[in-house]
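Enquirer: Pasting a structure here, questions to come.
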Amino acid sequence: MLMYIVLYLYKTTSINKRWVRGVNEMARKKTVMFALLFTLLILPVPEMNHSGKIHAFTNQVIQQGAVGQDVIELQARLKHLGFYSKDVDGVFGWSTYWAVRNFQYEFGMEIDGLVGPEMKNKLVKASKGYEQYLPSGDGQTNKQGQAQGGGGGGQQSTPSEPTAVNVPGGYSQNDIKLMANAVYGEARGEPYEGQVAVAAVILNRLDSATFPNTISGVIFEPRAFTAVADGQIWLTPNDTAEKAVIDAINGWDPSGNATYYFNPNTATSGWIWSRPQIKQIGKHIFCK
Amino acid sequence: MFRWITISLLTLLVVGVAVFAYKEHQDKNAILIQAENSYQRAFHELTSDVDTLHDKIGATLAMNTRKQLSPQMAEIWRITSEASSDVGQLPLTLLPFNKTEEFLFDIGDFAYNTAIRDLDKEPLSEEEIAGLEELYKQSGDIKNELRKVQNMVLKDNLRWMDVELALATNDETGDNTIINGFKTVEKSMDGFQQTNMETGISSRPDEKDLSHLKGEKINKDKAIQIAQEWFGEVEPSEFTITDSGKGADIPTVTASFHKDKRNGYMDMSKQGGYPLTIMVARDVEETKISLNEASNKAKEYVDKLELKDMELIESSQYDNVGVFRYVYTEDDIRYYPSTVQVKVALDNGEMLGLDALQYYSRPNESINQEPSLSEEEAKEMINPNLEVQENYLAVIENDAQELVLCYEFLTTKDDETYRIFINADNGEEEKVETLNTSEEKFTTDIS
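Here the protein sequences come in this chain order: A and B.
Just so you know, we're using my numbering here: the first sequence kicks off at 30 and counts up by one.
Just so you know, we're using my numbering here: the second sequence kicks off at 86 and counts up by one.
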């Protein structure tokens with residue numbers, strides 16, 4: 030490897046030599062020699078750094094559900110060994126879990142689905158040359174990746190980002206986005222729990238006999254949400270609204286199983302006041 | 086000269102404005118007509134669906150052959166779901182129209198359960214036939230009332246946009262024919278609810294019940310004290326304590342505080358002060374601890390609830406928080422209805438959320454813990470194309486909302502993972518789930 034580089038450098042400099050005229054030959058040769066020696070000293074170091082620093086597990090024990098660079102490396106290595114066949118996406122899902130377990134079985138380890146130090150050592154030793162399975166775009170510093178951090182953490186340069194995300198309870202990212210839009214349009218000035226509660230009401234309506242059975246059906250039901258009627262649902266939601274939605278899908282329900290809510294200052298319907306009230310969070314009263 | 090120029094300019098302006106206004110008016114009308122048309126379509130489809138529904142139920146009553154009954158029930162189920170979808174497209178949300186919607190739901194539910202049941206083994210009981218007759222009567226009433234409304238709408242060219250307007254302007258007492266018509270439909274449903282319950286056709290999911298919890302009713306001071314245990318450095322005066330209202334399934338006390346950067350919210354049961362829902366909202370810094378460390382932290386919080394025998398069954402990372410689901414395990418049996426969830430920040434391991442409502446609202450009812458089938462026998466019930474990876478004993482709630490003891494199998498086929506519950510007594514497949522917890526990012530711009 031190094032030999033080639035040296036040869037290459039020598040070649041290029043000798044070509045250059047022909048172009049540049051009126052330069053002292055001796056001095057030139059000296060420079061070339063010096064440059065060659067210098068490259069010999071310098072080159073190997075960054076090369077080792079390259080493979081050593083960027084693709085290496087951090088110290089964490091990786092478990093199911095984790096997201097980040099460690100998972101990307103884990104998947105790429107398992108794929109190289111033939112334990113894993115899906116895309117290297119950086120999310121430790123079920124397929125990765127089975128791959129880890131099979132690896133642990135084959136290598137005579139305790140089968141627990143956790144990627145600890147022992148497993149990492151064995152994996153690193155067994156999977157030389159796994160780099161081809163790393164997702165493309167690898168090695169580029171990615172600003173977004175740095176901002177997001179990811180499960181690996183603590184690395185200077187970010188090899189590549191996970192290309193998938195965990196989604197709760199069978200809902201898609203687009204469902205979450207749609208709900209976040211509704212929550213933001215309806216309750217963006219509310220405390221966090223108030224936003225979770227509004228998201229929970231949408232989900233409670235899904236289960237209710239008297240409302241449509243899809244998220245879009247519930248949200249776009251005429252006169253159900255003022256934010257839909259006046260177009261505020263199309264404002265761009267912030268992260269808080271999205272987090273509130275994910276919490277609600279994951280089971281948090283501060284509304285107390287409510288299917289309606291209203292703002293007592295602006296409520297236009299007298300009927301809504303007749304519903305049994307559960308509690309007030311922020312400006313909204315939640316009711317059955 | 087100057088005057089003429091002014092006059093002609095002004096005239097031009099007036100003409101321009103008039104043309105513009107006319108165009109706007111036309112556009113607005115076009116949109117209104119379109120909205121009106123979609124309301125009209127939903128309404129007329131609803132009436133025709135209810136019509137068909139009534140006919141179909143009538144035909145079922147006359148049917149003798151079981152072979153015919155199942156497809157007929159499937160058809161009824163399909164029509165009810167279409168009818169409910171039509172109702173969902175009409176601006177009726179703030180109208181009392183619940184009973185009719187529940188009625189549609191009940192028929193759908195009943196029809197579905199009958200359609201999938203083996204009627205040769207388990208024919209319709211006397212009670213169910215009586216219930217069906219009742220449904221027939223009810224659907225007839227609804228059909229007639231809706232037909233009346235429809236007739237009025239067609240005769241007088243009534244517009245649904247006026248309904249919208251009437252509802253929007255808080256004209257509750259306003260005399261809108263359509264609204265009144267729907268109120269009559271709703272009124273005709275009064276009293277039917279009870280009979281449906283009696284004939285076993287209506288089965289609404291039971292409400293959460295915490296009456297089995299032990300302990301004294303807590304007062305405000307006690308609530309603050311409990312909240313402090315969970316939130317840490319918050320002064321008692323910073324808490325807002327409120328009691329839940331009359332509509333709550335379970336009486337709860339809510340403690341919340343709002344500081345600059347950290348907000349907290351906590352629901353606890355009035356009886357005994359058990360923490361049900363806890364949420365802490367703050368900005369979470371970059372990830373510093375792994376999901377695995379976070380799960381150890383989460384366990385500490387579960388232990389703080391003084392719940393024993395909780396087993397971690399699911400963990401997921403969302404950006405820089407981890408969410409962990411624990412399930413109650415006794416004698417190696419997982420009780421899926423009794424779950425606790427904990428959300429932990431991945432910057433310092435602080436608990437950001439806890440949800441124990443499910444756990445406390447499910448008293449661990451006694452259930453036969455001895456499976457009549459062996460594990461091998463249960464395994465034979467599984468589709469042979471699946472490869473079984475793990476198995477457990479588990480208690481789940483089935484479609485009929487009964488607790489059943491099952492064998493839980495985690496199986497794979499190609500790259501998919503399935504969770505299959507086989508009833509440990511009769512070998513039926515109670516539930517099959519595709520486990521899919523992640524989704525590809527569609528754009529890299531989402532942040």
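Don't be surprised by glycine CBs; every beta carbon is placed ideally from N, CA and C.
These numbers come from a predicted model, not from an experiment.
Which same chain residues end up closer than 6 Å to K382 (chain B) when comparing Cβ atoms and leaving out the 5 residues on each side of it in sequence?
Expert: Here the set comprises V429, G434.
Enquirer: Spatial neighbours of Y221 (chain B) within its chain, please: CB distance less than 8 Å, with the 5 preceding and 5 following residues excluded, ordered by chain position.
Expert: Same-chain partners within the cutoff: H139, I142, G143, L146.
Enquirer: Work out the CA separation of I311 (chain B) and I314 (chain A) for me, nearest whole Å.
Expert: I314 (chain A) and I311 (chain B): Cα-Cα distance of roughly 25 Å.
Enquirer: Nearest CA to the CA of L478 (chain B): which residue from B:L437, B:I264, B:M148, B:C491?
Expert: Among B:L437, B:I264, B:M148, B:C491, the Cα nearest to that of L478 (chain B) belongs to B:C491.
Enquirer: So, are the CB atoms of W123 (chain A) and L520 (chain B) less than 7 Å apart?
Expert: Cβ distance < 7 Å, so W123 (chain A) and L520 (chain B) count as in contact.
Enquirer: If you measure from the beta carbon of T239 (chain A) to each beta carbon in chain B, is any gap under 7 Å?
Expert: Output row for T239 (chain A): interface = yes.
Enquirer: At which residues does the beta strand (DSSP E) containing S459 (chain B) begin and terminate?
Expert: Element bounds for S459 (chain B): n/a, residue is neither H nor E.
Enquirer: Taking DSSP as the reference, what is the three-state secondary structure of F188 (chain B)?
Expert: Helix at F188 (chain B).
Enquirer: Rounded to a whole number of angstroms, what is the C-alpha to C-alpha distance between K344 (chain B) and Y197 (chain B)?
Expert: Distance between the alpha carbons of K344 (chain B) and Y197 (chain B) is about 51 Å.
Enquirer: Under three-state DSSP, which class holds F494 (chain B)?
Expert: Reduced to three states, the DSSP call for F494 (chain B) is strand.
Enquirer: Output the distance between the C-alpha atoms of V96 (chain A) and V129 (chain A), rounded to the nearest integer angstrom.
Expert: Each residue's alpha carbon lies about 15 Å from the other.
Enquirer: Let me make sure I understand the geometry here. Which of B:Q402, B:N122, B:F409 has the alpha-carbon closest to that of A193 (chain A)?
Expert: Nearest of B:Q402, B:N122, B:F409 to A193 (chain A), Cα basis: B:Q402.
Enquirer: Tell me the residue span of the beta strand (DSSP E) that contains P422 (chain B).
Expert: Here the beta strand (DSSP E) through P422 (chain B) covers 418 to 430.
Enquirer: Just checking: is the beta-carbon of A128 (chain A) within a distance shorter than 7 Å of some beta-carbon in chain B?
Expert: Answer no: the Cβ-Cβ gap between A128 (chain A) and chain B never drops below 7 Å.
Enquirer: Over the uninterrupted alpha helix (DSSP H) stretch that includes N233 (chain A), give me the two end residues.
Expert: 221 to 236 is the extent of the alpha helix (DSSP H) around N233 (chain A).
Enquirer: Please classify L209 (chain B): does DSSP put it in a helix, a strand, or coil?
Expert: Coil.
Enquirer: Please report how far the alpha carbon of A366 (chain B) lies from the alpha carbon of H109 (chain A), in whole angstroms.
Expert: Each residue's Cα considered, the two are about 42 Å apart.
Enquirer: Would V96 (chain A) pass as an interface residue toward chain B - the criterion being a Cβ-Cβ separation below 7 Å?
Expert: Yes, V96 (chain A) counts as interfacial toward chain B.
Enquirer: Is the separation between the beta-carbon of N483 (chain B) and that of E515 (chain B) shorter than 7 Å?
Expert: Against a cut-off of 7 Å, the Cβ pair of E515 (chain B) and N483 (chain B) comes out as a contact.
Enquirer: Output, in chain order, the set of chain A residues within a Cβ distance shorter than 8 Å of M86 (chain B).
Expert: The contacting residues do not exist; M86 (chain B) stays about 50 Å from chain A at best.
Enquirer: Just how far apart, CA to CA, sit A256 (chain A) and E215 (chain A)?
Expert: Roughly 5 Å between the two C-alpha positions.
Enquirer: If the criterion is Cβ atoms closer than 7 Å, does the pair V489 (chain B) and N508 (chain B) meet it?
Expert: It is a contact, given that the beta carbons lie within the stated cut-off.
Enquirer: By Cβ distance below 6 Å, which residues in the same chain neighbour L152 (chain A) in space, the five residues on each side in sequence not counted?
Expert: Taken in chain order, the residues that qualify are R106.
Enquirer: Any C-beta of chain B sitting closer than 7 Å to the C-beta of I244 (chain A)?
Expert: Chain B, which has no Cβ nearer than 7 Å to the Cβ of I244 (chain A), makes this no.
Enquirer: Apart from the five residues on each side of it in sequence, which residues of its chain come closer than 8 Å, Cβ to Cβ, to V135 (chain B)?
Expert: These residues qualify, in order along the chain: A168, S224, I227, K228, L231.
Enquirer: With which residues is M395 (chain B) paired in a DSSP beta bridge?
Expert: M395 (chain B) pairs with B:Y413.
Enquirer: Relative to the C-alpha of V196 (chain A), which candidate in A:Q309, A:I91, A:I278, A:T125 has its C-alpha closest?
Expert: Of A:Q309, A:I91, A:I278, A:T125, the residue nearest in Cα terms is A:I278.
Enquirer: With Y503 (chain B) as the anchor, note down where its beta strand (DSSP E) starts and where it stops.
Expert: Unbroken beta strand (DSSP E) run through Y503 (chain B): 501 to 508.
Enquirer: Per DSSP, which one or two residues make a beta bridge with V120 (chain A)?
Expert: V120 (chain A) is bridged to A:V96.
Enquirer: Which value, in whole angstroms, describes the spacing of the CA atoms of N242 (chain A) and L232 (chain A)?
Expert: If I take the Cα positions, the gap works out to 10 Å.
Enquirer: Just tell me which of B:T185, B:F409, B:K113 has its CA closest to the CA of D275 (chain B).
Expert: Minimum Cα distance to D275 (chain B) is reached at B:T185.
Enquirer: How would you call Q104 (chain A), buried or exposed, if buried means at least 16 neighbouring beta carbons within 10 angstroms?
Expert: Classification for Q104 (chain A): buried.
Enquirer: Among the residues of its own chain, which have a CB less than 7 Å from the CB of A159 (chain B), if the five just before and after it don't count?
Expert: Contacts found: A200.
Enquirer: Give the residues from the segment 202 to 234 of chain A that approach chain B closer than 7 Å (Cβ to any Cβ), ordered along the chain.
Expert: Flagged, chain order: Q202, P220, Y221, E222, V225.
Enquirer: Taking just the CA atoms, how far does A228 (chain A) sit from E391 (chain B)?
Expert: Approximately 30 Å between the Cα atoms of the pair.
Enquirer: From B:G332, B:F342, B:E271, B:R244, pick the residue whose C-alpha is nearest to that of F324 (chain B); which is it?
Expert: The shortest C-alpha separation from F324 (chain B) is found at B:F342.
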